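Mapping to this note's numbering: the sequence shown position 18 is 324, numbers consecutive. No residue lacks a Cβ here, since even glycine has one placed at the ideal position from N, Cα and C. None of the values given here were measured: they were computed from a predicted structure. The structure appears right after this line, and notes come after that.
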Amino acid sequence: MQRQIMVYLEYRKHKLAEVSLELLSKAHSLAEDLNAEVVGLAVGYGLDGLDKLGENGAHRVIYIEHKELSSYRTLPFAKAVITAIKNYNPYIVLFGATHIGRDLAPRVASSLRVGLTADCTELNIGEYKSGKNVYKDQLLQIRPAWGGNIIATIVSPESLPSMATVRDGVMPVSRSINGQRAQVERLEVDISENELLTTIIEQEFIEKQVDLKGAKIIVGAGMGAANHRAMELIFELARLLKAEVGGTRPLIDAGFLDRERQIGQTGVSVRPNLYIACGISGQIQHQIGIIDSKRIIAINKDKDAPIFDIAHYKIVGDLNEVIPLMIKGYKEALAKREVEELKL
Ligand SMILES: Cc1cc2nc3c(=O)[nH]c(=O)nc-3n(C[C@H](O)[C@H](O)[C@H](O)COP(=O)(O)OP(=O)(O)OC[C@H]3O[C@@H](n4cnc5c(N)ncnc54)[C@H](O)[C@@H]3O)c2cc1C
Numbered sequence: 307m308q309r310q311i312m313v314y315l316e317y318r319k320h321k322l323a324e325v326s327l328e329l330l331s332k333a334h335s336l337a338e339d340l341n342a343e344v345v346g347l348a349v350g351y352g353l354d355g356l357d358k359l360g361e362n363g364a365h366r367v368i369y370i371e372h373k374e375l376s377s378y379r380t381l382p383f384a385k386a387v388i389t390a391i392k393n394y395n396p397y398i399v400l401f402g403a404t405h406i407g408r409d410l411a412p413r414v415a416s417s418l419r420v421g422l423t424a425d426c427t428e429l430n431i432g433e434y435k436s437g438k439n440v441y442k443d444q445l446l447q448i449r450p451a452w453g454g455n456i457i458a459t460i461v462s463p464e465s466l467p468s469m470a471t472v473r474d475g476v477m478p479v480s481r482s483i484n485g486q487r488a489q490v491e492r493l494e495v496d497i498s499e500n501e502l503l504t505t506i507i508e509q510e511f512i513e514k515q516v517d518l519k520g521a522k523i524i525v526g527a528g529m530g531a532a533n534h535r536a537m538e539l540i541f542e543l544a545r546l547l548k549a550e551v552g553g554t555r556p557l558i559d560a561g562f563l564d565r566e567r568q569i570g571q572t573g574v575s576v577r578p579n580l581y582i583a584c585g586i587s588g589q590i591q592h593q594i595g596i597i598d599s600k601r602i603i604a605i606n607k608d609k610d611a612p613i614f615d616i617a618h619y620k621i622v623g624d625l626n627e628v629i630p631l632m633i634k635g636y637k638e639a640l641a642k643r644e645v646e647e648l649k650l
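Written as structure tokens, this is what we have:
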């Protein structure tokens with residue numbers, strides 16, 4: 307039987323989470339190495355357009371529909387996912403490392419007595435050797451460990467499926483084949499009183515105010531900008547460049563930015579065309595989140611700061627002096643361009 311890579315499709319208010327599309331793309335590239343099929347797993351009520359997920363790499367979508375599954379609750383959703391895994395025996399199961407994925411995946415893994423690697427930053431297929439045993443076609447689950455000081459590759463060769471969670475924004479959405487359709491199959495699940503111990507009385511959805519993942523330019527602030535004057539300069543530069551502002555964990559812990567602006571291992575991974583790192587040392591936990599930026603400009607007082615190892619343009623200096631010069635230079639260039647346009 308052909309192997310399957312199952313992706314849990316996370317819906318909120320009937321809208322598919324971006325991370326699920328990212329996982330479908332990743333699953334599709336893993337499936338090429340394994341000659342496997344990509345199977346989306348949708349759990350909910352009144353979901354539509356599931357066949358269109360073929361455009362994002364799903365060959366099939368299994369749909370478990372039940373009116374008790376209209377909003378996420380741990381027990382009935384876990385029952386649905388466990389039922390699907392037992393019925394389809396996938397080789398790999400992937401979840402987004404969202405609040406829901408982090409609640410669901412460990413419960414499913416422990417019920418099935420299989421391994422689970424949380425917050426993977428890369429997934430590959432490869433071989434694993436242990437003594438005389440050679441395990442082929444393993445899911446290599448790669449993630450930072452020991453506070454980010456090592457990059458660990460984790461395998462679970464003796465229990466299937468291999469299960470992993472991946473954070474939002476870590477994997478790019480790479481597939482879109484217009485018109486390709488996935489085959490949708492329905493699966494029934496019995497939801498008993500035992501799984502309905504909680505009742506949802508009211509739900510409030512708050513839309514994200516900040517779109518770091520979609521930003522073309524990001525001005526990143528670190529502890530070198532941990533004062534109000536420097537933060538004003540950073541926001542002024544961002545406004546001028548029509549950029550988003552992101553930051554390092556300590557700066558956010560210090561209360562200078564909202565949590566949703568955190569970039570890095572425990573924040574968001576970004577891939578803008580331009581990342582301007584201001585007063586950021588560039589520790590591995592931050593680098594992980596910015597390494598896919600097309601261009602990085604770094605401003606730091608310390609010429610040996612690790613951020614300079616990955617920066618394309620390196621400015622050794624005090625950000626309180628460098629940013630005003632950038633703002634001035636950009637304004638002058640804009641004004642010059644406007645004058646030239648008037649002349650035409
Ligand atoms: C498990 C774990 C997860 C983590 N997750 C994350 C994460 O998701 N994101 C994250 O960012 N961090 C994370 N961290 C923290 C990470 O290890 C670093 O501590 C953090 O990235 C450093 O932030 P920083 O660069 O702002 O501060 P610092 O390391 O203190 O660097 C400040 C820099 O500013 C420079 N500077 C100071 N003044 C000026 C000035 N006036 N002009 C120019 N430069 C100046 C200094 O030379 C220095 O290089 C995590 C840590 C752990 C253990």
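Tell me the rounded alpha-carbon separation between residue i and residue j.
i: C426; j: V325; result: 13 Å
i: E316; j: S436; result: 36 Å
i: G454; j: Q589; result: 9 Å
i: T554; j: Q489; result: 43 Å
i: A583; j: A527; result: 6 Å
i: I586; j: I460; result: 30 Å
i: D496; j: F383; result: 11 Å
i: Y619; j: D608; result: 14 Å
i: R379; j: G407; result: 12 Å
i: S417; j: I605; result: 49 Å
i: E501; j: I621; result: 58 Å
Name the residue from the options whose alpha carbon lies nearest to the alpha carbon of residue i.
i: V574; options: N626, G530, H592, L336; result: H592
i: A491; options: E371, M477, I596, L327; result: At residue 491 the sequence reads Glu, which differs from the Ala that was named. Checked all of E371, M477, I596, L327; the closest Cα to E491 is E371.
i: P463; options: R567, G421, P478; result: G421
i: L493; options: L502, I391, Q515, L429; result: I391
i: V367; options: N430, Y314, R379; result: Y314
i: Q486; options: L356, P630, N626; result: L356
i: P396; options: L347, L429, H405; result: L347
i: T471; options: A411, Q509, R565; result: A411
i: I602; options: N533, I431, I616; result: I616
Kindly list the residues whose CB is nearer than 8 Å to the CB of residue i, restricted to its own chain and excluding five residues on each side of it in sequence; keep chain order.
i: S599; result: I524, V576, R577, P578, N579, L580, Y581
How about residue i: is its Cβ closer than 7 Å to a heavy atom in ligand 1?
i: Q310; result: no
i: Q447; result: no
i: R555; result: yes
i: Q568; result: yes
i: M529; result: yes
i: N579; result: no
Tell me which same chain residues have a C-beta within less than 7 Å of the C-beta of residue i, skipping the five on either side of it?
i: S480; result: S331
i: N393; result: L493
Where does residue i land, buried or exposed, given buried means 16+ other C-beta within 10 angstroms?
i: Q571; result: buried
i: M307; result: exposed
i: R473; result: buried
Among residues of its own chain, excluding the 5 on either side of residue i, which ones have a beta-carbon nearer than 6 Å to its beta-carbon?
i: V344; result: I311, A333, H334, A337, G363, A364, H365
Does residue i get closer than 8 Å to chain D when you measure Cβ to Cβ?
i: K358; result: Considering every chain present, this structure includes no chain D. It has just one protein chain.
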